[in-house]
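Asker: Per this note's numbering, the sequence shown starts with residue -8, numbered consecutively.
The beta-carbon is built from N, C-alpha and C at its ideal position, and this holds for glycine as well.
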Amino acid sequence: MDAVVTTSRRARPEEIERARDLARRLGIPYIAREGSIEALGAKAVLVVTKERLVVETAAGPLFFHPGMARPRIRSLERGEADVMVEAMQLRRGDHVLDCTLGLGADAIVASWVVGEEGRVVGVEAVPMLAEVVRAGLLEYDPQHPGMRAAMRRIEVVAADHAEYLPTLPDGAFDVVYFDPLFREPVRETVHMRPWRALGVGRPLTREVMAEARRVARRRVVVKERQGSPVFEELGVDEIVGGRKSRIAYGIIDAARPAAGGGEGP
């Protein structure tokens, strides 16, 4: 089996019911927990515990945590710059589509910046991961009221962005954002191995960029390794990033005609 849902060993009735409900929503089997995770014989196991949802893989566990979102928000509160926010030119009231939600750290920062008047939608291609992040955004307490509110406002969509973008009307969002797994990782950490084990990380294409440009009112932003050939391949207009950072952001101006576009004679 590719994927199943189960619980911790000594699950309470409410955890068992939650696991059954998740299995129904995901369309995968629920298996009552009797032995080890390995004994279930699945490539990925969504485990409902008292504290959180965990995806267990051969490459390690994956669970929600906000990563660097809190220190980044603290820095913004002090008036310091955030390169992603500047690349997006985010302002209060903006609507942002994060096409590669992951664990949601960038979406949380964006949601904090755009505030209650704005909107952040996060798209995650792996349904099991979408459930983990949706639950984390609703249940995790960062001990920061503004960040907590920003997390609760994020809308999670379980879909492949290549299939989701064409369903959206022109100019549906101010900014469309991508943070795919880097083609050549800056540093492969143990935390990233479960993502690759689950098949996350399909390369972006010009076709996807064309759809993103159509959906964006202002700009499309792509996060990648500094100096990556991906920026040229995707046809970005501008690259920004900290001088000391190994990360850069490629920007496509949605208002500018696409390369090779325009009317014929």
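1) My guess is that V38 and E47 are in contact by the Cβ rule of under 8 Å, so how many angstroms apart are they, rounded?
2) How should R204 be labelled, buried or exposed, when 16 other C-beta atoms within 10 angstroms of its C-beta is the threshold for buried?
3) Is it buried or exposed for G18, if we count other Cβ within 10 angstroms and need 16 for buried?
4) Just the C-alpha distance for A98 and A150, rounded to the nearest angstrom, thanks.
5) Under the rule that 16 or more other beta-carbon atoms within 10 Å means buried, what is E223, buried or exposed?
6) Could you pull out every unbroken beta strand (DSSP E) segment of at least 3 residues lying fully inside the region 88 to 131, listed in chain order?
7) Within the region 138 to 173, note down every full beta strand (DSSP E) run reaching 3 residues or more, in order along the chain.
8) Suppose you measure from the CA of H35 to the CA of G162; what does that come to, to the nearest Å?
9) So that I know if they touch, is there some Cβ in chain B lying closer than 7 Å to that of S236?
10) Tell whether a beta-carbon distance below 7 Å holds between A96 and M59.
11) With burial defined as no fewer than 16 other Cβ atoms inside 10 Å of the residue's Cβ, what is the status of P57: buried or exposed?
12) Grab the span of the beta strand (DSSP E) containing L44 for me, first residue to last.
13) What does the alpha-carbon distance come out to for the pair G252 and V221?
14) Could you tell me which residues DSSP pairs with V40 in its beta bridges?
15) Say whether the region 82 to 89 touches the region 153 to 171, bearing in mind that this needs 3 or more beta-carbon pairs closer than 8 Å, one atom from each stretch.
16) Expressed to the nearest angstrom, what Euclidean distance is found between the alpha-carbon atoms of I242 and V211?
17) Grouping DSSP H, G and I as helix and E and B as strand, with all else coil, what is E6?
18) Compute the Euclidean distance between the alpha carbons of R11 and R144, then round it to the nearest angstrom.
19) By how many angstroms is the C-alpha of Y131 removed from the C-alpha of T(-2)?
20) Rounded to the nearest angstrom, what separates L225 and P157 at their Cα positions?
21) So, with DSSP's three-state summary, where would you put A189?
Answerer: Once the coordinates are examined:
1) Cβ-Cβ separation between V38 and E47: approximately 6 Å, consistent with a contact (criterion under 8 Å).
2) By the neighbour-count criterion, in which 16 or more other beta carbons inside 10 Å mark a residue as buried, R204 falls on the buried side.
3) Looking at its Cβ environment, which holds fewer than 16 other Cβ atoms inside 10 Å, G18 is exposed.
4) Taking the Cα positions, A98 is about 16 Å away from A150.
5) Flag for E223 reads exposed.
6) Scanning the region 88 to 131 from its first residue to its last, the whole beta strand (DSSP E) runs of 3-plus residues come out as 110 to 115.
7) The region 138 to 173 contains these whole beta strand (DSSP E) runs: 146 to 149 and 164 to 169.
8) Note on residue identity: the sequence assigns Ala, not His, to residue 35. Each residue's alpha carbon lies about 37 Å from the other.
9) Going by chain labels, chain B is absent from the structure shown, which holds only one protein chain.
10) Yes, Cβ-Cβ distance for A96 and M59 is below 7 Å.
11) Buried, since its Cβ has 16 or more Cβ neighbours within 10 Å.
12) In the DSSP assignment, L44 falls within the unbroken beta strand (DSSP E) covering L44 to T48.
13) Below a pLDDT of 50, predicted positions are generally treated as unreliable, and G252, at 44, falls in that range; no measurement from the model is reported.
14) For the record, residue 40 in the displayed sequence is Thr; it is not Val. The partner list for T40 (beta bridge, DSSP) is empty, contrary to what the question assumes.
15) Yes, they touch.
16) Taking the straight line joining both Cα atoms gives about 6 Å.
17) Helix at E6.
18) Cα-Cα distance, rounded: 26 Å.
19) Between the alpha carbons of T(-2) and Y131 lies a gap of roughly 19 Å.
20) Going by the C-alpha atoms only, they are around 18 Å apart.
21) Reading off the sequence shown, one finds Leu at residue 189, where the question assumed Ala. The answer is coil: DSSP assigns L189 none of H, G, I, E or B.
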